[in-house]
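Everything below concerns the one structure shown next.
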Amino acid sequence: MAKKDYHNYIDGRWVPARSGKTFENTDPASGEYLGTYPRSSPEDIEQAVDASVKAYDSWRKTPAPHRANILARAAEALDRKKDEVARSMTREMGKVLKEARGDVQEGIDMLQYSAGEGRRLFGHVTPSELPRKLALAQRVPVGVVAAITPWNFPLAIPTWKLGPALVAGNTVVFKPSQYTPESAYHLAKALEEAGLPPGVMNLVYGPGNEAGTPLIEHPRVDMVSFTGSSAVGQGIGQRCAHLGKRYHLEMGGKNAIIILEDADIDLALSYIIWSAFGTSGQRCTAASRIIVHKAVIWEVTERVVEATRKLRLGHGLEPETDVGPVVNAEQLEKVQRYVKIGIDEGAKVLCGGQRATEGALSKGYFFQPTIFGDVKPKMRIAQEEIFGPATAILEISSVEEAVAVNNDTPYGLVTGIFTRDINKALAALEDLSTGIVYINAGTIGAEVHLPFGGTRGTGNGHREAGLAALEVYTEWKSVYLDYSGTLQKAQKIE
Ligand code: UN1
5 MAKKDYHNYI
15 DGRWVPARSG
25 KTFENTDPAS
35 GEYLGTYPRS
45 SPEDIEQAVD
55 ASVKAYDSWR
65 KTPAPHRANI
75 LARAAEALDR
85 KKDEVARSMT
95 REMGKVLKEA
105 RGDVQEGIDM
115 LQYSAGEGRR
125 LFGHVTPSEL
135 PRKLALAQRV
145 PVGVVAAITP
155 WNFPLAIPTW
165 KLGPALVAGN
175 TVVFKPSQYT
185 PESAYHLAKA
195 LEEAGLPPGV
205 MNLVYGPGNE
215 AGTPLIEHPR
225 VDMVSFTGSS
235 AVGQGIGQRC
245 AHLGKRYHLE
255 MGGKNAIIIL
265 EDADIDLALS
275 YIIWSAFGTS
285 GQRCTAASRI
295 IVHKAVIWEV
305 TERVVEATRK
315 LRLGHGLEPE
325 TDVGPVVNAE
335 QLEKVQRYVK
345 IGIDEGAKVL
355 CGGQRATEGA
365 LSKGYFFQPT
375 IFGDVKPKMR
385 IAQEEIFGPA
395 TAILEISSVE
405 EAVAVNNDTP
415 YGLVTGIFTR
425 DINKALAALE
435 DLSTGIVYIN
445 AGTIGAEVHL
455 PFGGTRGTGN
465 GHREAGLAAL
475 EVYTEWKSVY
485 LDYSGTLQKA
495 QKIE
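If you're matching positions, the sequence shown starts at 5 in the numbering used here and goes up one per residue.
Rendered as structure tokens:
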């Protein structure tokens with residue numbers, strides 16, 4: 005393919021990195037070249053932050069319904085290009101086309117939902133303890149937000165951050181993963197086409213340690229919102245705490261599907277395949293543990309292995325493909341490493357377990373969908389996030405044991421529980437300690453108007469999406485308006 009140059013978007017202009025340095029975007033299924041992008045360094049970050057600071061005052065004073073109209077137009081622009089954007093996403097990160105379309109749709113939904121907030125952004129009006137005094141609390145923006153986003157949902161996750169941040173009146177510097185730069189380009193382009201004023205959203209490309217670190221540390225960046233690995237997230241959290249910055253982290257998961265003895269097994273099986281191997285298991289919501297009652301474990305194991313063996317690996321643009329590649333060599337090695345760890349710990353590989361290299365697959369980062377049997381709850385493969393097409397089957401003998409196993413990992417994002425007994429399901433719901441619970445559904449498919457996030461090591465207590473996102477991207481301003489014309493003291497002071 006001929007050379008295709010993309011640029012940073014700073015202060016409303018498309019510009020190369022000051023240093024002239026670049027990196028290449030390639031297709032993980034074929035190795036094919038897709039484009040050349042700026043490799044930003046601190047001087048580019050400086051410019052982007054300057055532009056955000058400069059744009060902030062007039063953006064925060066722009067009435068929220070007007071800010072919202074721009075987001076609604078950006079949603080329309082993406083909707084018009086949905087297929088093109090989805091195709092470029094499949095090419096750059098590998099997920100199959102129908103899932104890439106879902107990712108773009110989630111981005112459109114989030115922009116529309118955020119636009120709706122432009123006519124709400126509710127605060128509270130509350131009685132004062134004194135006469136002739138109005139007491140209220142309103143939401144105000146935080147300032148300049150750094151949005152650092154991963155490659156697994158290259159359009160949806162950026163909109164989870166940009167949508168609420170922008171409608172609330174913040175300006176943004178957006179640093180997407182270096183593995184999915186083209187999806188970020190499409191989002192920036194949609195915002196530009198929608199009429200977003202220069203400097204309100206600036207896009208800078210580059211690896212985390214070169215472009216991300218100076219952005220996080222920049223004194224004029226007021227808050228950082230990060231989605232990605234726990235290792236990187238924890239480092240960002242520590243850095244921000246040290247610098248006294250607000251931060252929001254969305255990190256790993258070790259999610260389970262629980263199948264009780266009275267479950268609809270056919271339904272549960274189709275959800276296991278979808279939740280474990282969708283996006284090649286590279287979702288923070290992927291089902292990487294299947295916790296099954298001993299009465300049905302043989303049937304579930306046999307049928308899930310049979311269905312997994314039938315999955316067709318291939319390029320995500322080919323209609324017959326069920327599972328695409330993983331995103332890069334590092335992810336491939338990580339899955340390979342965990343297969344070895346699992347075997348060393350005494351687990352059995354029931355299917356998969358190896359890199360797939362038949363025919364054209366040898367050109368990409370393909371890994372056979374893998375299922376581990378004989379897994380014990382404390383094994384590393386049942387505790388640590390693998391982030392690839394691999395899942396572990398664990399046996400339990402009661403709903404109480406299932407809940408205990410579910411809750412005992414360093415993460416707390418999602419659980420799916422299958423049972424036909426409503427009492428059991430609701431009793432378990434009370435005790436499951438993850439941030440999201442599905443009853444008679446798998447672990448993936450969260451909708452944008454509900455809070456998204458988890459407990460324990462999954463995050464730092466915040467939630468994305470839904471109303472909860474506003475807590476992340478706004479500060480509270482309490483207002484007391486005294487119209488008594490007299491000296492009035494609160495707390496009963498005479
Ligand atoms: C993620 O895996 O990082 O619920 C996000 C889901 C998607 C979002 C997942 N709507 O799986």
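Ideal placement from N, C-alpha and C gives every residue a C-beta, glycine not left out.
All values derive from a computational prediction rather than experimental measurement.
Between the alpha carbons of residue i and residue j, how many angstroms are there, rounded?
i, j, result
"I49", "V228", "14 Å"
"R22", "A215", "13 Å"
"E221", "E404", "45 Å"
"M383", "A360", "25 Å"
"F20", "R77", "First, the amino acid is wrong: residue 20 is Pro here, not Phe. When rounded, the distance between both Cα atoms is 27 Å."
"S181", "Q238", "17 Å"
"T163", "P202", "18 Å"
"T478", "G127", "11 Å"
"Q358", "L125", "50 Å"
"F456", "G470", "8 Å"
"T217", "G463", "19 Å"
"D226", "K314", "49 Å"
"G320", "T153", "22 Å"
"K7", "A150", "30 Å"
"E36", "R95", "9 Å"
"R17", "I345", "49 Å"
"N156", "K179", "14 Å"
"A431", "Y183", "42 Å"
"L195", "R341", "41 Å"
"G248", "E399", "45 Å"
"M519", "Y275", "With the chain covering only 5 through 498, there is no way to say anything about residue 519."
"H190", "K25", "22 Å"
"Q51", "V204", "13 Å"
"H246", "G212", "19 Å"
"E88", "F230", "27 Å"
Cβ of residue i within 9 Å of Cβ of residue j?
i, j, result
"F281", "P373", "yes"
"R136", "S482", "no"
"S68", "G111", "Before going further, note that residue 68 is Ala rather than Ser in the sequence given. No, they are not a contact pair."
"T305", "N259", "no"
"P32", "G368", "yes"
"S56", "V177", "yes"
"T30", "D9", "no"
"H11", "P46", "no"
"R224", "V452", "no"
"S292", "A198", "no"
"M93", "S187", "yes"
"G257", "E389", "yes"
"S279", "I448", "yes"
"L365", "A311", "no"
"Y60", "G122", "no"
"L253", "H466", "yes"
"Q109", "K85", "no"
Just to check my reading of the structure: residue i and residue j have Cβ atoms closer than 8 Å, yes? What is that Cβ distance to the nearest angstrom?
i, j, result
"F255", "S234", "Looking at the sequence provided, one finds Met at residue 255 rather than Phe. Rounded, the Cβ-Cβ distance is 4 Å, consistent with contact."
"L317", "V309", "The Cβ separation is near 16 Å, so there is no contact."
"L115", "L75", "5 Å"
"I261", "I294", "5 Å"
"G458", "G446", "Contact flag wrong, Cβ pair sits at about 16 Å."
"D555", "V407", "Residue 555 lies beyond the range of the chain shown here (5 to 498); nothing can be said about it."
"A119", "A72", "4 Å"
"V339", "V330", "7 Å"
"G392", "F370", "That pair is no contact at about 11 Å."
"L485", "L138", "4 Å"
In this structure, what does DSSP give as the bridge partners for residue i?
i, result
"S482", "A141"
"W18", "Y13"
"A394", "T374"
"Y251", "V228"
"R359", "F371"
"F2", "Only positions 5 to 498 of the chain appear in the structure, and residue 2 is not among them; the question remains open."
"N259", "A291"
"R460", "Y415"
"A151", "F178, S229"
"K352", "G377"
"Y442", "G420"
"V296", "I263, E399"
"N206", "V177"
Checklist entry - Are the stretch 296 to 306 and the stretch 334 to 347 in contact at 8 Å, needing three or more beta carbon pairs? => result When C-beta atoms of the stretch 296 to 306 are compared with those of the stretch 334 to 347, fewer than three pairs fall below 8 Å, so the two segments do not count as touching.
Next on the checklist: I'd like to know if the stretch 165 to 175 and the stretch 463 to 477 are in contact, where contact means that at least 3 CB-CB pairs between them fall below 8 Å.
Outcome noted: Touching, yes.
Next on the checklist: Three Cβ pairs or more, each shorter than 8 Å: is that satisfied between the stretch 414 to 422 and the stretch 349 to 359?
Outcome noted: Taking one beta carbon from each stretch, the stretch 414 to 422 and the stretch 349 to 359 have fewer than 3 pairs nearer than 8 Å; the two do not touch.
Item to check | Three CB pairs or more closer than 8 Å across the stretch 261 to 268 and the stretch 422 to 430 | outcome: Taking 8 Å as the limit for Cβ pairs, the verdict is that the stretch 422 to 430 does touch the stretch 261 to 268.
Next on the checklist: Across the stretch 207 to 214 and the stretch 100 to 107, are there enough close Cβ pairs to call them in contact, namely three or more that are closer than 8 Å?
Outcome noted: Segment contact: the stretch 207 to 214 against the stretch 100 to 107, fewer than three CB-CB distances shorter than 8 Å; contact not assigned.
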